[in-house]
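Trainee: Encoded as structure tokens, here's the structure I'll be asking about.
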Amino acid sequence: MPTETKKTKRRTRTEETIRQFRKNRSGMAGLILLLIVVFMCLAAPLFAPHDPSAGNLPQRLKPGIWSDDTPDDGVYLLGTDSQGRDLFSRILYGGRITLGVGFVALSIALAIGLVLGLSAGYFGGFIDNVIMRFVDIMFAFPALLLALVIAGTLGRGIDKAMIAIGITYSPQMVRVVRSGVLMIKEMEFIEAQHAIGSGHIRILLRHVMPNSLAPIIVYGTLMLATAILDAAALGFLGVGAQVPSPEWGLTLSASRQYLLTGAWWAATFPGIAILISVISLNLLGDGLRDALDPRLKGGAKL
Amino acid sequence: MKRYIAKRLAMLVLVLIGVSIITFVLVRAAPGDPAVNLAGQHANEQVLENIREKYHLNEPIYEQYFIWVEMVLQGDLGRSIASHDSVTSEISSRLPMTLELSIFAIIIAIVVGVLAGIISAVRQYSKIDYTVMFGALFGVSMPIFWLGIMLIYIFSIKLGLTPVQGRLDVGIELNRITGMYVLDSILTLNWTAFVNSVKHLILPAVALATIPMATVARMTRSSMLEVLRQDYIRTERAKGLSERAVIYKHAIRNALIPIVTVIGMNIGVLMGGAVLTETIFTLPGLGKYIYDAIMAYDYPVVQGFTLFFATVFVLVNLGTDILYGYIDPRIRYE
Chain A
1 MPTETKKTKR RTRTEETIRQ FRKNRSGMAG LILLLIVVFM CLAAPLFAPH
51 DPSAGNLPQR LKPGIWSDDT PDDGVYLLGT DSQGRDLFSR ILYGGRITLG
101 VGFVALSIAL AIGLVLGLSA GYFGGFIDNV IMRFVDIMFA FPALLLALVI
151 AGTLGRGIDK AMIAIGITYS PQMVRVVRSG VLMIKEMEFI EAQHAIGSGH
201 IRILLRHVMP NSLAPIIVYG TLMLATAILD AAALGFLGVG AQVPSPEWGL
251 TLSASRQYLL TGAWWAATFP GIAILISVIS LNLLGDGLRD ALDPRLKGGA
301 KL
Chain B
303 MKRYIAKRLA MLVLVLIGVS IITFVLVRAA PGDPAVNLAG QHANEQVLEN
353 IREKYHLNEP IYEQYFIWVE MVLQGDLGRS IASHDSVTSE ISSRLPMTLE
403 LSIFAIIIAI VVGVLAGIIS AVRQYSKIDY TVMFGALFGV SMPIFWLGIM
453 LIYIFSIKLG LTPVQGRLDV GIELNRITGM YVLDSILTLN WTAFVNSVKH
503 LILPAVALAT IPMATVARMT RSSMLEVLRQ DYIRTERAKG LSERAVIYKH
553 AIRNALIPIV TVIGMNIGVL MGGAVLTETI FTLPGLGKYI YDAIMAYDYP
603 VVQGFTLFFA TVFVLVNLGT DILYGYIDPR IRYE
């Protein structure tokens with residue numbers, strides 16, 4: 001039909017990107033996997049067969065449905081932990097915390113990255129120099145170690161873990177935002193905005209930022225993957241979420257000692273939950289990169 | 303090149319000054335009175351005053367910073383609150399263990415990663431290629447603290463092949479020369495200790511190697527694919543060179559150049575990973591020590607170790623950048 005062809009020719013860039021992304025099978029797989037994980041954690045009360053914090057000591061460390069020894073008062077899909085709590089329910093509720101810490105941490109990094117990166121890239125000169133030297137200094141600290149030290153000095157808890165990881169990831173974000181701005185800044189349509197007398201803030205927010213979003217989305221997704229790994233690592237090391245939180249890293253470290261008694265499930269499944277979430281984000285990030293920035297294609301393709 | 307190195311060294315000084323300020327502020331920003339932290343909760347006012355005098359805590363904060371920097375420049379990183387041991391000597395006695403672990407991990411990462419990446423690129427879109435890339439995806443997504451625990455469960459608890467923790471079984475004699483047990487046992491021709499220390503080291507090294515191994519494999523693959531598309535490779539093929547010779551004599555050399563950068567980038571991952579692996583496998587290295595110090599609020603140790611780690615990290619990065627320039631003469635730094 002002639003009207004159809006006309007329509008496809010006038011696709012916007014966003015539509016084109018979505019079309020490109022939908023062709024990317026591993027990227028789509030990542031997106032679907034991520035949506036499933038996030039939905040199950042957000043809607044935990046719908047899926048969790050038991051109260052995640054209700055302990056039942058006589059039923060402690062019982063295996064799941066693969067064994068005959070599983071408790072018979074309801075379904076214990078993945079068995080019980082050292083307090084007799086249903087592991088599957090705890091993992092669903094724990095995901096809210098682990099994924100949430102990673103997400104908030106990334107948002108903090110994004111906020112810092114946008115303010116500093118936009119200013120550095122757009123204004124250039126002295127401001128750029130000061131900001132980027134500071135970023136160089138922050139880069140001198142190994143990531144997880146810096147997060148650990150910050151969380152250690154701030155004290156323990158998920159709020160501190162969020163701030164610590166957020167600060168740790170912000171220099172990377174500043175660089176990503178800045179390089180995006182540098183590419184856009186010299187383009188003619190920005191000059192045109194200057195010519196018609198638009199203010200700096202307006203140009204930055206209305207024109208520069210929306211056009212430099214692609215790398216932010218791609219690297220933001222990939223950084224969220226490692227931020228979640230670090231969130232779980234801080235929980236595991238005891239400076240993030242605290243007992244009795246069902247946070248994945250914490251559950252893992254609390255269940256570790258029972259491996260010796262043969263109760264492998266309590267330490268295994270929280271780790272698998274972390275792995276699945278991080279894999280889905282990495283698949284999604286690689287897929288988005290292929291769709292949004294064809295020049296980078298093939299870099300780390302699955 | 304000389305001008306570039308000079309410029310980078312000047313930058314290095316600036317970065318190190320910044321690092322020392324941030325480390326100092328970070329540790330000082332910690333809640334609580336530093337004098338109480340040093341003396342303990344039950345110290346009386348006289349003791350606290352003595353401590354403030356001794357550690358210059360009554361001076362203005364910038365004076366304290368300069369006093370600290372002066373100490374650091376003389377090689378004195380302060381003393382642990384808990385054990386009163388000198389931080390500098392703790393670092394030097396624990397460094398060999400962490401170095402040994404890291405070297406093992408880097409070797410595993412390079413050997414496995416490069417081989418997998420080359421095979422993957424040479425046989426692009428084959429089953430092997432997909433398997434390697436899928437493995438690499440798992441590798442970069444791996445919570446290594448979980449992997450370490452799973453390795454212990456499978457190889458130590460279930461199969462009984464490797465020890466659960468530590469560096470050497472009790473009762474095995476070893477002359478410590480360098481502090482790196484595997485190296486020491488080779489130097490003293492002590493095969494019992496050699497086998498035993500390798501057994502202790504293999505699982506933590508594999509856990510620590512996982513993420514770098516995956517990134518090295520990805521990088522090797524893409525850089526190899528890039529090289530295989532070059533004109534000179536087409537020329538080699540056109541003049542009748544066998545595919546083997548093209549790949550092994552000409553392609554690999556150029557494809558391996560970016561690996562230097564990947565390894566430089568991964569040093570930070572290794573340092574963070576060392577904290578996790580040393581904690582899981584109870585290895586008395588730098589990572590375990592800074593972790594214990596953070597948990598015990600032992601600020602002088604945290605301060606000294608953070609500065610040390612950051613300095614090493616910056617130096618390694620500078621080293622790989624310069625090395626890169628020498629390996630690949632096409633790169634000209636401004």
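Which chain is which? The protein sequence lines are A and B, in order.
Following the working numbering, the numbering of the first sequence begins with 1 at its first residue and continues without gaps.
Following the working numbering, the numbering of the second sequence begins with 303 at its first residue and continues without gaps.
Just so it is clear, CB atoms sit at the ideal spot from N, CA and C, and this is done for glycine as well.
CA-CA distance, ALA300(A) and PRO631(B)?
Mentor: Its pLDDT being 39, under 50, ALA300(A) is placed unreliably by the model, and the measurement read from it follows with that caveat. When rounded, the distance between both Cα atoms is 26 Å.
Trainee: Taking the alpha helix (DSSP H) that PRO322(A) belongs to, which residues open and close that run?
Mentor: The displayed coordinates of chain A run from 1 to 302. Any statement about residue 322(A) would go beyond what the structure contains.
Trainee: For chain B, find out if any of its Cβ atoms is closer than 8 Å to the Cβ of ASN24(A); answer yes or no.
Mentor: no
Trainee: From LEU463(B) to ILE451(B), what does the alpha carbon distance come to, in whole angstroms?
Mentor: Each residue's alpha carbon lies about 15 Å from the other.
Trainee: Under a three-way DSSP split, which group does ASP86(A) fall into?
Mentor: strand
Trainee: Just grab the DSSP bridge partners of THR80(A) for me.
Mentor: Listed as beta-bridge partners of THR80(A) by DSSP are ASP86(A).
Trainee: What do you reckon, are the CB atoms on VAL562(B) and TYR483(B) nearer than 8 Å?
Mentor: no
Trainee: Going along chain B, which residues have a C-beta under 7 Å from PHE303(A)?
Mentor: This structure gives no information on residue 303(A), because the portion of chain A shown stretches from 1 to 302.
Trainee: Who are the neighbours of ARG13(A) on chain B, taking C-beta pairs under 8 Å?
Mentor: Simply none; closest approach about 26 Å.
Trainee: Shorter than 8 Å from the beta carbon of ILE279(A) to some beta carbon of chain B?
Mentor: Yes, contact with chain B.
Trainee: Run through DSSP, which three-state label would ARG555(B) get?
Mentor: helix
Trainee: Within the same chain, show all residues whose beta-carbon is closer than 7 Å to that of ALA214(A), passing over the 5 residues directly before and after it, in chain order.
Mentor: LEU292 and ASP293
Trainee: Just checking, does the segment 336 to 354 of chain B make contact with the segment 385 to 403 of chain B on the three C-beta pairs under 8 Å criterion?
Mentor: no
Trainee: So, does the segment 434 to 448 of chain B touch the segment 530 to 545 of chain B, judging by three or more C-beta pairs under 8 Å?
Mentor: no
Trainee: Taking only runs that begin and end inside the segment 131 to 164 of chain A, name each unbroken alpha helix (DSSP H) of 4 or more residues, in chain order.
Mentor: 143 to 154
Trainee: Applying the 10 Å Cβ sphere with the 16-neighbour rule, what's the burial state of ILE91(A)?
Mentor: buried
Trainee: For VAL321(B), return the contacting residues in chain A, with the cut-off set at a CB-CB distance below 8 Å.
Mentor: ILE137, ALA140 and PHE141
Trainee: Kindly list the residues whose CB is nearer than 8 Å to the CB of MET1(A), restricted to its own chain and excluding five residues on each side of it in sequence; keep chain order.
Mentor: Any reading at MET1(A) must be qualified, since the residue scores a pLDDT of 44, below 50, and its modelled position is unreliable; the value itself is stated next. None.
Trainee: Does ILE596(B) get closer than 8 Å to chain A when you measure Cβ to Cβ?
Mentor: yes
Trainee: Pick from SER82(A), LEU57(A), ASN56(A) and CYS41(A): whose alpha carbon is nearest that of VAL243(A)?
Mentor: SER82(A)
Trainee: Please classify GLU525(B) as buried or exposed, where buried requires at least 16 other C-beta atoms within 10 Å of its C-beta.
Mentor: Reading the sequence as shown, one finds Ser at residue 525(B) and not Glu. It counts as buried.
Trainee: Taking 8 Å as the threshold (C-beta atoms), are ASN339(B) and TYR601(B) in contact?
Mentor: In this structure, TYR601(B) lies near ASN339(B), with their beta-carbon atoms less than 8 Å apart.
Trainee: Run the proximity test for SER385(B): is its beta-carbon closer than 7 Å to any non-hydrogen atom belonging to the ligand ZN?
Mentor: By its list of ligands, the structure shown contains no ligand whatsoever, and the ligand ZN lies outside what it can speak to.
Trainee: Suppose contacts are defined by Cβ-Cβ distances below 8 Å. Is VAL310(A) in contact with SER212(A) by that definition?
Mentor: One cannot answer for residue 310(A) here, as it falls past the ends of chain A, which runs 1 to 302.
Trainee: Hey, LEU234(A) and ALA151(A): beta-carbon distance below 8 Å or not?
Mentor: yes
Trainee: The alpha helix (DSSP H) that contains PHE611(B), what's its start and end?
Mentor: 601 to 629
Trainee: So does the segment 108 to 123 of chain A actually touch the segment 165 to 173 of chain A, counting three or more Cβ pairs closer than 8 Å?
Mentor: yes
Trainee: Distance, Cα to Cα, VAL466(B) vs LYS501(B)?
Mentor: 10 Å
Trainee: Using 8 Å as the limit for Cβ to Cβ distance, is TYR593(B) near chain A?
Mentor: Residue contact check for TYR593(B) against chain A: a CB pair falls below 8 Å.
Trainee: With burial defined as no fewer than 16 other Cβ atoms inside 10 Å of the residue's Cβ, what is the status of LEU588(B): buried or exposed?
Mentor: buried
Trainee: What does the Cβ neighbour count give for LEU302(A), buried or exposed, with the cut at 16 atoms within 10 Å?
Mentor: Any answer about LEU302(A) is weak, because its pLDDT of 32 lies below 50 and its placement is not dependable; what the coordinates show is given next. Classification of LEU302(A): buried, given that the 10 Å Cβ count is 16 or more.
Trainee: At which residue ranges does the segment 329 to 393 of chain B contain complete alpha helix (DSSP H) runs of 4 or more residues, listed in the order of the chain?
Mentor: 336 to 341, 347 to 356 and 363 to 375
Trainee: Could you tell me the distance, in whole angstroms, from the CA atom of LEU379(B) to the CA atom of TYR357(B)?
Mentor: 13 Å
Trainee: The alpha helix (DSSP H) spanning VAL243(A) covers which residue range?
Mentor: Neither: VAL243(A) is in no alpha helix (DSSP H) and is coded neither H nor E.
Trainee: Below 7 Å on C-beta distance, what does TRP264(A) contact in chain B?
Mentor: Identification of chain B residues near TRP264(A) by a Cβ-Cβ cut-off of 7 Å yields TYR455, ordered along the chain.
Trainee: With 8 Å set as the bound, which would you pick, yes or no: does the beta-carbon of ALA291(A) sit closer than that to a beta-carbon of chain B?
Mentor: no
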